[in-house]
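Number of protein chains: 2
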Amino acid sequence: MSPEIETLSLGSSRQRDGLNHQAIEDYLKTIYGLEQEESPVSTSRIAAAREVKPGSATSMVQRLHKLNLVNYEKHYGVTLTDAGRDIALEVIRHHRLVELYLIEALGFGWDEVHEQADLLEHVISEKLEERIAAALNHPEFDPHGDPIPGKDGRVADLQNLPLSNLGPGTRAVVSRIPDDADGEMLRYLGSLGLTPGQELVVCEVAPFDGPLTLDVDGAQQIVGRRVAGAVLVRRI
Amino acid sequence: MSPEIETLSLGSSRQRDGLNHQAIEDYLKTIYGLEQEESPVSTSRIAAAREVKPGSATSMVQRLHKLNLVNYEKHYGVTLTDAGRDIALEVIRHHRLVELYLIEALGFGWDEVHEQADLLEHVISEKLEERIAAALNHPEFDPHGDPIPGKDGRVADLQNLPLSNLGPGTRAVVSRIPDDADGEMLRYLGSLGLTPGQELVVCEVAPFDGPLTLDVDGAQQIVGRRVAGAVLVRRI
DNA sequence: GCTAACTTTTAGACGTACCTAAAACTGGTT
DNA sequence: AACCAGTTTTAGGTACGTCTAAAAGTTAGC
Numbered sequence: 029m030s031p032e033i034e035t036l037s038l039g040s041s042r043q044r045d046g047l048n049h050q051a052i053e054d055y056l057k058t059i060y061g062l063e064q065e066e067s068p069v070s071t072s073r074i075a076a077a078r079e080v081k082p083g084s085a086t087s088m089v090q091r092l093h094k095l096n097l098v099n100y101e102k103h104y105g106v107t108l109t110d111a112g113r114d115i116a117l118e119v120i121r122h123h124r125l126v127e128l129y130l131i132e133a134l135g136f137g138w139d140e141v142h143e144q145a146d147l148l149e150h151v152i153s154e155k156l157e158e159r160i161a162a163a164l165n166h167p168e169f170d171p172h173g174d175p176i177p178g179k180d181g182r183v184a185d186l187q188n189l190p191l192s193n194l195g196p197g198t199r200a201v202v203s204r205i206p207d208d209a210d211g212e213m214l215r216y217l218g219s220l221g222l223t224p225g226q227e228l229v230v231c232e233v234a235p236f237d238g239p240l241t242l243d244v245d246g247a248q249q250i251v252g253r254r255v256a257g258a259v260l261v262r263r264i
Numbered sequence: 029m030s031p032e033i034e035t036l037s038l039g040s041s042r043q044r045d046g047l048n049h050q051a052i053e054d055y056l057k058t059i060y061g062l063e064q065e066e067s068p069v070s071t072s073r074i075a076a077a078r079e080v081k082p083g084s085a086t087s088m089v090q091r092l093h094k095l096n097l098v099n100y101e102k103h104y105g106v107t108l109t110d111a112g113r114d115i116a117l118e119v120i121r122h123h124r125l126v127e128l129y130l131i132e133a134l135g136f137g138w139d140e141v142h143e144q145a146d147l148l149e150h151v152i153s154e155k156l157e158e159r160i161a162a163a164l165n166h167p168e169f170d171p172h173g174d175p176i177p178g179k180d181g182r183v184a185d186l187q188n189l190p191l192s193n194l195g196p197g198t199r200a201v202v203s204r205i206p207d208d209a210d211g212e213m214l215r216y217l218g219s220l221g222l223t224p225g226q227e228l229v230v231c232e233v234a235p236f237d238g239p240l241t242l243d244v245d246g247a248q249q250i251v252g253r254r255v256a257g258a259v260l261v262r263r264i
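Chains as they are written, first to last, in the numbering used here: chain A, 29 to 264; chain B, 29 to 264.
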């Protein structure tokens with residue numbers, strides 16, 4: 029009799045075995061996000077993202093490795109296994125469905141749902157997930173413009189790039205705002221009209237990391253580089 | 029700098045200090061329920077209700093005592109302090125609001141929401157609680173007939189008694205079905221028409237713990253003592 | 001190719017929440 | 001009053017997820 033199951037199965041294990049795998053789910057979600065930027069992922073990047081000390085991240089990674097949820101080689105880096113990615117995608121699916129539900133059904137603002145969704149994502153049963161998805165008419169994108177992974181694990185791909193990468197004269201549509209941006213930033217973007225789906229034209233790009241001048245629905249808006257880096261767009 | 033706050037404040041401490049107090053909340057909720065039956069509460073009753081070993085309950089009670097959430101004297105028993113009761117009532121409020129919401133807003137059956145609510149009750153922010161309560165029009169009772177504690181800590185009182193305590197000829201209305209009854213029992217009661225709000229008349233009570241014969245909406249129903257003990261009613 | 005600076009891992013510790021097993025206490029009987 | 005049965009507490013151990021501090025490994029400059 030092994031003291032711990034060898035490979036965690038997807039999702040409902042949480043309900044079935046009565047164990048709380050919140051920390052595991054959070055690490056897998058973090059690693060998934062970091063792999064999008066650069067793979068393999070170093071333990072120090074994980075530690076920074078999770079706001080824990082490097083040693084804590086290392087020991088958690090070793091645990092995930094024993095559970096066959098990540099591939100791990102000392103001093104080299106971490107990648108998700110298929111099993112690990114499945115769990116990460118399910119948690120992300122829960123997160124984004126919940127965010128959208130809080131906004132659509134309960135009237136929350138799009139800048140105030142992230143923290144609540146971080147808590148709820150771990151305690152959503154398969155059945156509740158299904159009911160929420162149905163109530164929202166099986167959406168493909170969450171309110172931040174992030175794609176919601178399907179139950180088959182497929183994620184719509186967008187070729188997003190940061191607004192700060194565009195040259196003058198480019199037309200684009202705001203595709204997503206990373207949902208870990210702070211609330212003040214989100215409200216500021218909202219006041220500029222920069223919400224997912226909004227079209228814009230880049231008018232000017234000042235040199236030396238200077239501000240961008242945008243045309244948003246006919247209004248001229250000037251934003252700094254840091255803000256422009258936080259807004260992801262698709263060229264149109 | 030003390031390593032732990034002295035008295036937990038109500039509710040939003042969960043959000044404020046970032047700690048997970050799920051176990052504490054579960055124990056307080058359990059103790060609250062047991063105090064309704066008999067006070068003070070022995071550690072062994074707590075252990076049985078929480079399905080842990082007696083020693084585990086004792087050590088948790090000692091921790092709750094240090095946090096000023098319960099009064100505790102060795103070998104005598106446990107009662108909630110005001111601070112402890114405040115937390116217990118808030119968790120119960122969350123639980124019952126969530127149960128009702130799952131049924132009313134998301135189409136769940138009343139026999140399948142208890143476990144999901146046990147998970148959700150610990151991760152509902154003040155704001156979400158308020159939105160859910162508003163969406164339900166600030167209800168006073170949950171679908172099992174249990175009263176939902178108000179934010180002021182007041183609980184509607186019902187003088188419920190078990191159906192098994194009634195004598196022949198008594199008229200009564202089903203007030204609540206304890207929501208920790210198993211799903212099969214809940215479905216069985218549903219099939220007999222014994223749902224909260226239903227009126228009934230006790231026709232016969234067989235001796236030696238024999239079955240009760242009921243008139244439910246003109247239909248004769250015969251139920252055993254164990255089932256009758258699980259149904260709480262109010263005399264009318 | 002050596003060394004300094006940095007990253008990563010290891011080692012040992014702590015608090016939570018559980019366990020098992022043994023000790024201590026309680027209440028009722030003789 | 002002493003014992004017995006049952007309850008309750010204590011003592012010591014485990015897994016998780018974090019920490020700090022020290023050791024080991026990697027990379028880059030010279």
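Positions of the beta carbon are idealized from the N, C-alpha and C atoms, including for glycine.
Give the DSSP-derived three-state secondary structure of residue 107 (chain A) in the structure shown. Within the first sequence, the letter at position 79 stands for residue 107 (chain A). Residue 107 (chain A): strand per DSSP, three-state reduction.
Residue 144 (chain A), buried or exposed, once every other Cβ within 10 Å from all chains shown has been counted against 16: If you number the first sequence from 1, residue 144 (chain A) lands on position 116. Counting Cβ neighbours within 10 Å, residue 144 (chain A) comes out buried, since at least 16 surround it.
Does residue 135 (chain B) have its Cβ less than 8 Å from a Cβ in chain A? Translated into the one-based positions of the second sequence, residue 135 (chain B) becomes position 107. Closer than 8 Å to some Cβ of chain A, the Cβ of residue 135 (chain B) qualifies, so yes.
If I follow the unbroken beta strand (DSSP E) through residue 229 (chain B), where does it start and stop? Along the second sequence, one-based indexing puts residue 229 (chain B) at 201. Element bounds for residue 229 (chain B): 227–233.
Could you check whether the region 162–175 of chain A touches the region 162–179 of chain B, counting it as contact only if at least three pairs of C-beta atoms, one from each stretch, sit closer than 8 Å? no
Give me the subset of the region 151–163 of chain B whose CB atoms are less than 8 Å from a CB atom of chain A, sorted by chain position. 151, 153, 155, 156, 159, 160 and 163
Buried or exposed by the 16-neighbour rule on C-beta atoms within 10 Å, applied to residue 31 (chain B): Taking the second sequence and counting its residues from 1, one reaches residue 31 (chain B) at position 3. In this prediction, residue 31 (chain B) scores a pLDDT of 37, lower than 50, which makes its location untrustworthy; the coordinate-derived value is nonetheless stated afterwards. Exposed is the call here.
DSSP state of residue 96 (chain A), grouped into three classes? Reading the first sequence from its first residue, position 68 is the one you call residue 96 (chain A). It is coil, neither helix nor strand.
Checking contacts by CB at 8 Å: is residue 217 (chain A) closer than that to chain B? Counting from one through the first sequence, the residue named residue 217 (chain A) turns up at place 189. No - not a single Cβ of chain B is within 8 Å of the one on residue 217 (chain A).
Cutoff 8 Å: residue 128 (chain B) Cβ touching any chain A Cβ: Translated into the one-based positions of the second sequence, residue 128 (chain B) becomes position 100. Judged by the 8 Å Cβ criterion, residue 128 (chain B) is not in contact with chain A.
For residue 139 (chain A), which residues in the same chain have their Cβ closer than 6 Å to its Cβ, ignoring the five residues on either side in sequence? In the first sequence, the residue the question calls residue 139 (chain A) occupies position 111. Answer for residue 139 (chain A): 211, 214 and 215, listed in chain order.
Does residue 174 (chain B) pass the burial test, meaning 16 or more other C-beta atoms within 10 Å, or should it be called exposed? For the purposes of this step, residue 174 (chain B) is identified with residue 146 of the second sequence, where counting begins at 1. The residue is buried, with at least 16 neighbouring Cβ atoms inside 10 Å.
Measure how close the beta-carbons of residue 208 (chain B) and residue 142 (chain B) come, nearest whole angstrom, since I'm counting them as under 8 Å. Indexing the second sequence from 1 puts residue 208 (chain B) at position 180. Indexing the second sequence from 1 puts residue 142 (chain B) at position 114. Confirmed, about 7 Å.
Are there 16 or more other CB atoms within 10 angstroms of the CB of residue 224 (chain B), so buried, or fewer, so exposed? By 1-based counting over the second sequence, the position of residue 224 (chain B) is 196. That one is buried.
Whole-angstrom Cβ separation of residue 108 (chain B) and residue 55 (chain B), contact assumed at under 8 Å? Taking the second sequence and counting its residues from 1, one reaches residue 108 (chain B) at position 80. Taking the second sequence and counting its residues from 1, one reaches residue 55 (chain B) at position 27. The Cβ separation is near 10 Å, so there is no contact.
Where residue 200 (chain A) sits in the DSSP three-state scheme: Here residue 200 (chain A) refers to the residue found at position 172 when the first sequence is read from its first residue. DSSP places residue 200 (chain A) in strand when its eight states are reduced to three.
Between B:245, B:228 and B:252, which has its C-alpha nearest residue 235 (chain B)'s C-alpha? Counting from 1 along the second sequence, the entry for residue 235 (chain B) is found at position 207. Closest option to residue 235 (chain B), Cα to Cα, is B:252.
Could you tell me the distance, in whole angstroms, from the CA atom of residue 125 (chain A) to the CA atom of residue 132 (chain A)? The sequence position of residue 125 (chain A) within the first sequence is 97, counting from 1. The sequence position of residue 132 (chain A) within the first sequence is 104, counting from 1. Straight-line Cα distance between these residues: approximately 10 Å.
Taking the Cβ atom as the reference point for each residue, do residue 227 (chain A) and residue 201 (chain A) lie within a distance shorter than 8 Å? If you number the first sequence from 1, residue 227 (chain A) lands on position 199. If you number the first sequence from 1, residue 201 (chain A) lands on position 173. Yes, the Cβ-Cβ distance between residue 227 (chain A) and residue 201 (chain A) is below 8 Å.
Measuring only between beta-carbons, confirm whether residue 249 (chain B) sits less than 8 Å from chain A. As a position in the second sequence, residue 249 (chain B) is number 221, starting the count at 1. It does not; no Cβ of chain A falls within 8 Å.
Counting contacts by CB-CB distance shorter than 8 Å, is residue 147 (chain B) in contact with chain A? If you number the second sequence from 1, residue 147 (chain B) lands on position 119. For residue 147 (chain B), the answer is yes, since a Cβ of chain A falls inside 8 Å of its Cβ.
Report the residues of the region 63–93 of chain B with a CB closer than 7 Å to any CB of chain A, ordered along the chain. none
Endpoints, alpha helix (DSSP H) assigned at residue 50 (chain B): Walking along the second sequence from the start, residue 50 (chain B) turns up at place 22. That run of the alpha helix (DSSP H) goes 50–65.
On the three-pair Cβ rule with 8 Å, is the region 145–158 of chain B touching the region 147–160 of chain A? yes
Closer than 8 Å to chain B by CB, residue 36 (chain A): To locate residue 36 (chain A), count along the first sequence from 1; it is residue 8. Residue placement at residue 36 (chain A) is poorly supported in this model, since its pLDDT is 47, which falls under 50; the coordinates are not used for a value here.
For the beta strand (DSSP E) containing residue 242 (chain B), name the first residue and the last one. As a first step, residue 242 (chain B) must be located in the second sequence, where it is residue number 214. Counting along the chain, the beta strand (DSSP E) containing residue 242 (chain B) begins and ends at 240–244.
With a cut-off of 8 Å on the beta carbons, I'd call residue 177 (chain A) and residue 127 (chain A) a contact; round off their distance for me. For the purposes of this step, residue 177 (chain A) is taken as residue 149 along the first sequence, with counting starting at 1. For the purposes of this step, residue 127 (chain A) is taken as residue 99 along the first sequence, with counting starting at 1. With a Cβ gap of about 13 Å, residue 177 (chain A) and residue 127 (chain A) do not count as contacting.
Beta-carbon spacing of residue 229 (chain B), residue 245 (chain B) below 8 Å: Within the second sequence, numbered from 1, the residue matching residue 229 (chain B) stands at position 201. Within the second sequence, numbered from 1, the residue matching residue 245 (chain B) stands at position 217. No, the Cβ-Cβ distance between residue 229 (chain B) and residue 245 (chain B) is not below 8 Å.
If the cut-off is 9 Å on Cβ atoms, which residues from the region 167–195 of chain B count as contacting chain A, listed in chain order? none
So does the region 192–200 of chain A actually touch the region 247–262 of chain A, counting three or more Cβ pairs closer than 8 Å? yes
I'd like to know if residue 45 (chain A) contacts chain B, where contact means its C-beta is closer than 8 Å to some C-beta of that chain. To locate residue 45 (chain A), count along the first sequence from 1; it is residue 17. Its pLDDT being 43, under 50, residue 45 (chain A) is placed unreliably by the model, and the measurement read from it follows with that caveat. No, no contact with chain B.
Just verifying my parser: in three-state terms, what is the DSSP assignment at residue 143 (chain A)? Position 115 of the first sequence holds residue 143 (chain A). It is helical.
Using the Cβ count rule (16 or more neighbours within 10 Å means buried), how would you classify residue 105 (chain A)? Position 77 of the first sequence holds residue 105 (chain A). Label assigned to residue 105 (chain A): buried.
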